[in-house]
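Down below is the structure, laid out as structure tokens.
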């Protein structure tokens, strides 16, 4: 740049106090988004206008716990975010919304943006908020056309010793043009948990984490601190030169691994002799990917021996989409009964982000012809070196999800491993805690009916393996949980030996549950002992006894019999006395058909 220095003729200076000229405080990110606060004097500065939807009949109120995530909820319109579009959202109780499920966002030891999961976030007031505290409300409203408003009203922060402190009000507004507004109402209190460790973030992250934008982080800069009648507007760019090629390894066996992506599965040895493996390869970048290689490998847990490997090339994957890759079938009867890890690894010459090129799935082989143990923990490691964890406070819980898959399934015994407090701690003594076996609710990981309940007592300085008699038959996944009744415990015993099932859940109030925050690095030491009672595997175009299953999904019985049809979650879809069962109208998936006293499994592919 060139500039010219020149002498100026004399001139007078006139003072004015009508307005103050200040530079624009513009926050930008690599994609081209711009954030401007209501303190600015430019024409782009937002006016603070609170959008009150508290009494609108279309408003949806949520009941959320501390450290929770709920969703997905429909926006009713398409919202452009970075180089892709979204039409559903999740609400994180710690002051954020996101566009992908999985673990909840936490402000502890993170900054924004951060490539570590979770990503795809807009963080309005990211702190350790606790909506369980009296008076706090979280709700959302959409007109289904072009506007979405998510409001946190009078929500306290978690506080050591009392669980509740202060009150914070704000809202995040999304409009169909891609712009984002964050309005702040009254703010009462700090964000240091009562122990002096400040953690608060305002900003957003793309699906990759970075690009993203940091607006306010742990008190800096003070001019952007959330306060009453303060607003931030984030403007989407009209266009962007940002480009990144990024192939991401996604879900492995998505038809079997439900709830949290790549949650562990059980496989019956000598039964799955023709397993049909599907995996998803995602394009989370800005441009089309060509000739992406995908490798699926299954290795034994301890010695690393590969019992299966297949490689495929995907010719083309458009941006913001995924390819379902069908690998060669697997004969699990050739695998020793043990733990395994399935690895999906993707590669593309133009891929600029290698951090997400591999996904993993834990597999436990089980004996479906005899009594066996369902567990995600390495019980030998747990016995040799037990590690424990507990809540700061009372009423939280720990839970593990079990999906035996081969139903009906007889549960003989449920086992929890927990520890008492240390006798060196003030007030330590015997602690009694409730243990529950729940049927799974309408969505994976949600709590349904209580199937069994027990009360157990643990003494100080001891880890307990507590077998609990069950003796029941189930037709759906179950959840085994216990509630911490004392600030000193009981503690849950955890296993930090890879692989990890992602089937552990936590609760801060014993009522609502979310995936455990350390799901990617530990499992709870719970297990179930039982056996599958379903000894028949039936697919289309096969014959089983007197039943012929046609290619179009019709089961011919030969005579009228009492028939019930269940989906894989145990929900009854049909009941009646018929001489044939028509599955043609059902979507692809796994069904259990009870004919008289016999149950057969039908796989519609």
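Numbering (this note's numbering), first residue to last: 787 to 1391. Ideal placement from N, C-alpha and C gives every residue a C-beta, glycine not left out.
{"query": "On the CB-based measure, 16 or more other CB atoms within 10 Å of its CB, does residue 1359 come out buried or exposed?", "result": "exposed"}
{"query": "Could you give the distance in angstroms between the alpha-carbon of residue 1192 and the alpha-carbon of residue 1171?", "result": "33 Å"}
{"query": "Along the chain, where does the beta strand (DSSP E) that runs through residue 1065 open and close?", "result": "1064-1069"}
{"query": "Where do the N-terminal and C-terminal ends of the alpha helix (DSSP H) with residue 1171 fall, by residue?", "result": "From DSSP, residue 1171 is part of no alpha helix (DSSP H); its letter is neither H nor E."}
{"query": "In terms of alpha-carbon separation, which member of 940, 963, 946 and 936 lies closest to residue 955?", "result": "940"}
{"query": "Helix, strand or coil for residue 1025 per DSSP?", "result": "coil"}
{"query": "For residue 1370, which of 1341, 1073 and 995 has the nearest alpha-carbon?", "result": "1341"}
{"query": "Give the DSSP bridge partners of residue 1110, in chain order.", "result": "1066"}
{"query": "Let me check understanding here. Comparing Cα to Cα, which of 1145, 1163, 1113 and 1099 lies closest to residue 1124?", "result": "1163"}
{"query": "For the pair the region 1063-1075 and the region 1027-1036, tell me if three or more CB-CB distances fall below 8 Å.", "result": "yes"}
{"query": "Can you tell me whether residue 894 is buried or exposed? The criterion is at least 16 other CB atoms within 10 Å of its CB, across all chains shown.", "result": "exposed"}
{"query": "From residue 1086 to residue 1092, what distance separates their C-alpha atoms?", "result": "7 Å"}
{"query": "Distance check for residue 908 and residue 778, CA to CA, integer angstroms please.", "result": "Limits of the chain in this structure are 787 at one end and 1391 at the other, which puts residue 778 out of reach."}
{"query": "Over what stretch of residues does the beta strand (DSSP E) that includes residue 1205 continue unbroken?", "result": "1195-1205"}
{"query": "List the endpoints of the continuous beta strand (DSSP E) containing residue 911.", "result": "907-912"}
{"query": "For residue 864, I'd like the list of residues in its chain whose CB is within less than 6 Å of its CB, leaving aside the five on either flank, ordered along the chain.", "result": "871 and 873"}
{"query": "Can you tell which of 1064, 1226 and 1173 has the C-alpha that lies nearest to the C-alpha of residue 1207?", "result": "1173"}
{"query": "Taking its Cβ as the centre, do 16 or more other Cβ atoms sit within 10 Å of residue 1345, making it buried, or is it exposed?", "result": "exposed"}
{"query": "With a threshold of 16 other CB atoms inside 10 Å of the CB of residue 914, please say whether the residue is buried or exposed.", "result": "buried"}
{"query": "Measuring alpha carbon to alpha carbon, tell me which residue in 1128, 1111 and 1364 is nearest residue 1095.", "result": "1128"}
{"query": "Tell me the start and end of each unbroken beta strand (DSSP E) in the region 1139-1170 that is at least 3 residues and wholly inside, in chain order.", "result": "1144-1152 and 1158-1161"}
{"query": "If you pair each beta-carbon of the region 1070-1085 with each one of the region 1044-1053, do three or more pairs fall below 8 Å?", "result": "no"}
{"query": "When DSSP builds the beta bridges, which residues end up paired with residue 1219?", "result": "1242"}
{"query": "Does the Cβ-Cβ distance between residue 1390 and residue 1316 come in under 8 Å?", "result": "no"}
{"query": "What do you reckon, are the CB atoms on residue 1110 and residue 1130 nearer than 8 Å?", "result": "no"}
{"query": "Is it buried or exposed, residue 1226, if we count other Cβ atoms within 10 angstroms and call 16 or more buried?", "result": "buried"}
{"query": "Cβ of residue 889 within 8 Å of Cβ of residue 1263?", "result": "no"}
{"query": "Can you give me the C-alpha to C-alpha distance between residue 1008 and residue 814, rounded to a whole angstrom?", "result": "18 Å"}
{"query": "So what does DSSP say about residue 1286, is it helix, strand or coil?", "result": "coil"}
{"query": "Consult DSSP for residue 1057 and reduce its assignment to one of helix, strand or coil.", "result": "coil"}
{"query": "Whose CA, out of 1269, 1151 and 924, lies closest to the CA of residue 1239?", "result": "1269"}
{"query": "Give me the residue from 1169, 942 and 973 with the minimum Cα distance to residue 1013.", "result": "973"}
{"query": "Can you give me the C-alpha to C-alpha distance between residue 808 and residue 1003, rounded to a whole angstrom?", "result": "Unreliable positioning characterises residue 808 in this predicted model, as indicated by a pLDDT of 45, which lies under 50. A coordinate reading is not provided."}
{"query": "Quick check: what's the CA-CA separation for residue 884 versus residue 993?", "result": "10 Å"}
{"query": "Helix, strand or coil: how does DSSP classify residue 1384 here?", "result": "strand"}
{"query": "If you drop the 5 nearest sequence neighbours on each side, which residues of the same chain put their C-beta closer than 7 Å to that of residue 935?", "result": "837, 839, 926, 927, 957 and 959"}
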